[in-house]
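For the sequence shown, our numbering assigns the number 1 to the initial residue and increments by one for each residue that follows.
Glycine included, C-beta positions come from ideal geometry on N, C-alpha and C.
Below is one structure, written out as structure tokens; comments come after it.
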Amino acid sequence: MESARPLGLLAVWLHVSPEREDEFNAWYNTEHIAQITSIPGFMNGRRYMALEGKPKYLALYEMQDETVTAGKEFQQVLTNPTPWSARMRSFYSDQRIRNTYRLIFSAGEPPGKDAPYVYIVKTDIPASIEQDFNDWYNKEHVPALAGVPGCFRARRFLAVEGEPKYMAVYELENPGVPNSAAWAKARDSAWTDKIRPLMQHLERGIYQLILPAK
Numbered sequence: 001m002e003s004a005r006p007l008g009l010l011a012v013w014l015h016v017s018p019e020r021e022d023e024f025n026a027w028y029n030t031e032h033i034a035q036i037t038s039i040p041g042f043m044n045g046r047r048y049m050a051l052e053g054k055p056k057y058l059a060l061y062e063m064q065d066e067t068v069t070a071g072k073e074f075q076q077v078l079t080n081p082t083p084w085s086a087r088m089r090s091f092y093s094d095q096r097i098r099n100t101y102r103l104i105f106s107a108g109e110p111p112g113k114d115a116p117y118v119y120i121v122k123t124d125i126p127a128s129i130e131q132d133f134n135d136w137y138n139k140e141h142v143p144a145l146a147g148v149p150g151c152f153r154a155r156r157f158l159a160v161e162g163e164p165k166y167m168a169v170y171e172l173e174n175p176g177v178p179n180s181a182a183w184a185k186a187r188d189s190a191w192t193d194k195i196r197p198l199m200q201h202l203e204r205g206i207y208q209l210i211l212p213a214k
């Protein structure tokens with residue numbers, strides 16, 4: 001268990017060609033994730049593979065807060081890559097998304113060990129309805145979904161670097177939870193029917209844990 005609640009999150013999505021995946025995964029698992037999580041302010045890192053959605057690979061790093069990635073230690077890693085890291089950059093080139101987030105809401109309890117699956121929803125919303133959107137998410141939507149059997153915890157994040165502006169992360173017992181009758185029932189409301197058509201740049205993905213917290 002972490003001694004402090006992580007308030008920041010770094011999310012990195014990557015795609016590499018199939019013939020390069022073995023070396024890419026070896027680099028990530030043996031060098032890269034350890035290098036990142038050794039930076040002051042980083043609390044842990046986990047890797048996932050997409051079952052639905054893309055890019056194929058996702059890494060989530062919990063941080064003390066969202067300012068950690070602006071710190072000199074993290075920036076030095078970006079500007080002074082190891083030889084292996086420099087080689088890997090040629091593998092994924094522009095097929096990478098790196099966003100920094102601040103935690104804005106949480107419901108449910110973290111699992112005793114890493115959740116084997118996460119469901120991620122990213123979206124923008126027009127400024128004219130943003131307050132109603134956040135009230136809906138925090139007061140109705142996330143608490144209802146966090147209470148669905150098989151969902152351990154649901155957290156909302158605000159992007160301080162990257163887009164879309166909002167991201168929700170649901171920690172799941174199995175990948176079928178978002179398609180369950182209980183999930184559909186939890187989403188069913190007049191407020192949901194009002195908000196959902198107004199979401200912009202909506203992205204969804206279900207990911208399987210492939211490297212537990214380091």
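- Here glycine 205 really is in contact with alanine 50; their C-beta atoms are around 6 Å apart, less than 8 Å.
- When the beta-carbon positions are compared, glutamate 171 and proline 111 come within less than 8 Å of each other.
- The beta carbon of glutamine 200 lies closer than 6 Å to those of Asp124 in the same chain, with the five residues before and after it left out.
- The criterion of a C-beta distance shorter than 8 Å is not satisfied by tryptophan 183 and valine 142.
- Here the alpha carbons of methionine 63 and proline 40 stand approximately 9 Å from one another.
- With respect to tryptophan 27, isoleucine 97 sits apart: the two C-beta atoms are not nearer than 8 Å.
- Here glutamate 203 has Lys122 as same chain residues with Cβ atoms under 6 Å from its own Cβ, once five neighbours each way along the sequence are excluded.
- Across the set Asp135, Thr82, Lys185, the C-alpha of Asp135 shows the shortest separation from the C-alpha of isoleucine 104.
- In the DSSP assignment, tyrosine 101 falls within the beta strand (DSSP E) that extends over 96–108.
- In the three-state scheme derived from DSSP, where H, G and I count as helix and E and B as strand, threonine 30 is classed as helix.
- For secondary structure counted as the beta strand (DSSP E) over 3 or more consecutive residues, the region 112–185 holds these complete runs in sequence order: 117–124, 151–161, 166–172.
- For the 8 Å CB-CB criterion, tyrosine 61 and isoleucine 120 do not form a contact.
- CA-to-CA, the gap between serine 85 and asparagine 44 works out to about 19 Å.
- Cβ neighbours of threonine 100 within its own chain (closer than 6 Å, five residues either side excluded): Leu10, Glu66, Thr69, Val160, Glu161.
- Taking C-beta atoms as the reference points, glutamate 173 and phenylalanine 152 count as a pair closer than 8 Å.
- The beta carbons of leucine 7 and arginine 102 sit about 7 Å from each other, so the pair counts as a contact at 8 Å.
- By alpha-carbon distance to lysine 165, the top candidate from Ile33, Asp114, Asn179, Phe133 is Phe133.
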